[in-house]
Amino acid sequence: MDDHQKNNPPRTMPPRTMPIQSATFSNPVNAEIRRAAATGIYDIRGGGAKRRVPHFDDLLFLGASMSRYPLEGYREKCETSVTLGSRFAKKPIHLDIPITVAGMSFGALSGPAKEALGRGATMAGTSTTTGDGGMTEEERGHSEKLIYQYLPSRYGMNPDDLRRADAIEVVVGQGAKPGGGGMLLGQKISDRVADMRDLPPGIDQRSACRHPDWTGPDDLEIKILELREITGWEKPIYVKVGGARPYFDTTLAVKAGADVVVVDGMQGGTAATQDVFIENVGQPTLACIRPAVKALQDLGMHREVQLIVSGGVRSGADVAKALALGADAVSIGSAAMIAIGDNDPRWEDDYNALGTTAGAYDDWHEGNDPAGITTQDPALMARLDPVEGGRRLRNYLKVMTLEAQTIARACGKNHVHNLEPEDLCALTIEAAAMAGVPLAGTSWIPGSGSF
Amino acid sequence: MQTIDLEDQGLRALNETLQSQDSDTNQTEWLVTNPRGSHAIAVGLDAPIDVTIKGSTGYYCGGMNKQASITVDGSAGPGVAENMMSGKIVIEGDASQYAGATGRGGLLVIKGNASSRCGISMKGINIVVHGNIGHMSAFMAQSGTLVVCGDAGDALGDSLYEARLFVRGSVKSLGADCIKKDMRPEHIELLRGLLEEAGSDARPEDFTRYGSARKLYHFDIDNAGAY
């Protein structure tokens, strides 16, 4: 140490403020501001709400105990079948499992993807559903039970397809966008898609958000009469609503003459919608079930008009929880796509090339899906083998069913429909309030009774 | 001529009877009496038969028609000829809202006036209205032809795709992306044929053509004000 160092001991740097990211202006928020500033258009994407909302994960089953006895796991039968459309239809739909495949359009999805969904659903003993693009031979041919959606756009609508459907689903809304119409951007309007929709190829197509020839529940009652008259009163008629006002929507759907009501919460997917719409409009699936069930109970129609719940159903536990809250069946869309290969890490390099990663890919409207599902590009479409995709979906549906049975048996139920809210508790106050079940460890159901 | 008294037989029997006629039926002439504004009369037909409804009808008369010729000897309620596939439907009186909505083929003739949203989302149907039409007609109309011998209300052809619109009288206002276009010889010919088939003696030369400016076919922030 020389004299200089002796006389000038090193000064320590004063402590610096640790960089703190704003919770309000987070990196994703700032990225979106920059994207909006650069492009001048809102973000469009597929899928459902990505934000965390109270969900089935926030519920637990209590299982059997001193006051309840369980069924033997591998010996005692636990039924899973469900009949849909018993109210008015001459030919109700009988499904082996209480899990159906939700409506997804040909156009949004490739032909082979629709075929895979049809194959998988059929092998698992359940139904699949058309979408905004009309009915294709791929799905009619490979779906033993096919639900034909009756949408505001009416693309490809015709009486012959109505008659060869097994049920008709009048779509009033969907959970990802209650009050919004569909979109299919030009990249995906191939000649075949354009022809089925009577549109010029390559344009950005905006589907109507409202039906063109009826406006309210009184009109809908007459529309349902017309559809029944065209199809000889054979087909069950479902009415699908987004999770907006589930009590009133369910009540009005029943009054309009629905055989089945489908309630789709905000985690339910879409092929392409504004991100702001997906994330900010509609209620979580969990919040929709009890009001819809209450509506049916108040009308004396619970179980006579069946309730299908959709939006973020992923496992047999989710199925069991939805049924315990009073649903007759659930419907899966996003989960079915994942089962057949959507967002699979095997395509990680391709996802990276698109600036994303497996699991987060949601630019389905762009038509470049590495998994070959949400595309009309022949080379990408060829990546999905519809036979293998169908097998995977079948397996997944079977697993979900086994899981739901496992839980039902543990709760002492010989049919999954015998699960009830009393079998559940909630992990959070929010979930307890929404599901109408007690907070774990308490007898408190927020919103019912007083403090 | 076969006669069905709707009041006596009921709607289901009427539609079942008409729907069960096949393409080589000998019973080609049908008269429906006492419609009394009932809904869903003569829907889902699929045979080359002539059906005359003696009186006015409610919602969705002739819905999804294929092949049949249906005449309403009165006025028609909302959604007449909705999603018609082929054939011909003639309304002697006036038609309510959404006449010919989403129609994919065939010819709809309205001898009187049509209310709002005539030809909404039409997909190939031809519609000839002898009188006037209401607001928002041909909204999001995709293809086919709408001919109006009288005047059109507000927002004609809003968000139009490839449908062709011809109006003889005035147009109160045009909707987003709908513009006036030149009448070329092929349009005169098309119009002449449709007017003749619809029993109108209007001169094709007196009409103005409207169609899509095709500016909203692709998203463009500079067009946001148009919506």
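Residue numbers (the working numbering), protein chains in the order written: chain A, 1 to 451; chain B, 1001 to 1227.
Cβ coordinates follow ideal geometry from the N, Cα and C atoms, glycine included.
{"Asked": "DSSP three-state assignment for A:Y361, whether helix, strand or coil", "Found": "coil"}
{"Asked": "Alpha-carbon spacing of B:Q1260 relative to A:R409, whole angstroms", "Found": "Residue 1260 of chain B is absent from the structure shown; chain B starts at 1001 and stops at 1227."}
{"Asked": "A:E115 beta carbon less than 8 Å from that of A:E138", "Found": "yes"}
{"Asked": "Which listed residue (A:G46, A:M18, A:A253 and A:G118) has its alpha carbon closest to that of A:E388", "Found": "A:G118"}
{"Asked": "Span of the beta strand (DSSP E) around A:S334", "Found": "Segment S334 to I340 is the alpha helix (DSSP H) holding A:S334; no beta strand (DSSP E) there."}
{"Asked": "Collapsed DSSP secondary structure at A:L397 in the structure displayed", "Found": "helix"}
{"Asked": "Where the beta strand (DSSP E) containing A:F56 begins and where it ends", "Found": "That residue, A:F56, is in no beta strand (DSSP E); it is neither H nor E in DSSP."}
{"Asked": "Inter-residue CB distance, B:L1156 and B:I1127 (contact presumed, cutoff 8 Å)", "Found": "Not confirmed; about 13 Å, so no contact."}
{"Asked": "Euclidean distance between Cα positions of B:T1017 and A:V193", "Found": "36 Å"}
{"Asked": "Within chain A, the residues that B:P1078 reaches when beta carbons sit closer than 7 Å", "Found": "D213"}
{"Asked": "Every unbroken alpha helix (DSSP H) inside the region 246 to 288 of chain A [4 residues or more]", "Found": "246 to 255 and 275 to 280"}
{"Asked": "Under 8 Å by beta carbon: chain A residues contacting B:T1102", "Found": "R154, M157, P212 and D213"}
{"Asked": "A:T39 burial status per 10 Å Cβ neighbour count (16 or more: buried)", "Found": "exposed"}
{"Asked": "Nonlocal neighbours in the same chain, by C-beta distance under 6 Å from A:G173, ignoring five residues either side", "Found": "V241 and G242"}
{"Asked": "Same chain, Cβ closer than 6 Å to A:R392, neighbours up to 5 away in sequence not counted", "Found": "A339 and I340"}
{"Asked": "Endpoints, the alpha helix (DSSP H) within which A:D191 is located", "Found": "D191 to R197"}
{"Asked": "Rounded Cβ spacing between A:S110 and A:D132 (contact assumed at less than 8 Å)", "Found": "Not quite, the Cβ-Cβ distance comes to about 15 Å (not below 8 Å), so this is no contact."}
{"Asked": "CB contact below 8 Å: A:I222 versus chain D", "Found": "Given the protein chain composition of this structure (A and B), no chain D is represented."}
{"Asked": "Best match in A:P15, A:H4, A:R11 and A:G47 for proximity to A:D275 [C-alpha to C-alpha]", "Found": "A:G47"}
{"Asked": "Inter-residue CB distance, A:V281 and A:A256 (contact presumed, cutoff 8 Å)", "Found": "Actually they do not touch by this definition, with Cβ atoms about 23 Å apart."}
{"Asked": "CB of A:A454 within 8 Å of CB of A:I278, strictly", "Found": "Past the edges of chain A, shown from 1 to 451, lies residue 454 of chain A, and the structure says nothing about it."}
{"Asked": "For A:I224, three-class secondary structure by DSSP", "Found": "helix"}
{"Asked": "Own chain partners of A:L220 with C-beta closer than 6 Å, once the 5 adjacent residues on each side are dropped", "Found": "W214 and A256"}
{"Asked": "For A:I97, three-class secondary structure by DSSP", "Found": "coil"}
{"Asked": "DSSP-derived helix/strand/coil call for A:E76", "Found": "coil"}
{"Asked": "Burial state of A:V399 (16 or more Cβ within 10 Å)", "Found": "exposed"}
{"Asked": "Spatially closest choice to B:D1154 from B:E1189, B:L1190, B:H1187 and B:S1115, by CA coordinates", "Found": "B:S1115"}
{"Asked": "Close beta carbons around A:A382, own chain, < 7 Å, minus the five adjacent residues each side", "Found": "G372"}
{"Asked": "Endpoints, the alpha helix (DSSP H) within which A:T39 is located", "Found": "N27 to T39"}
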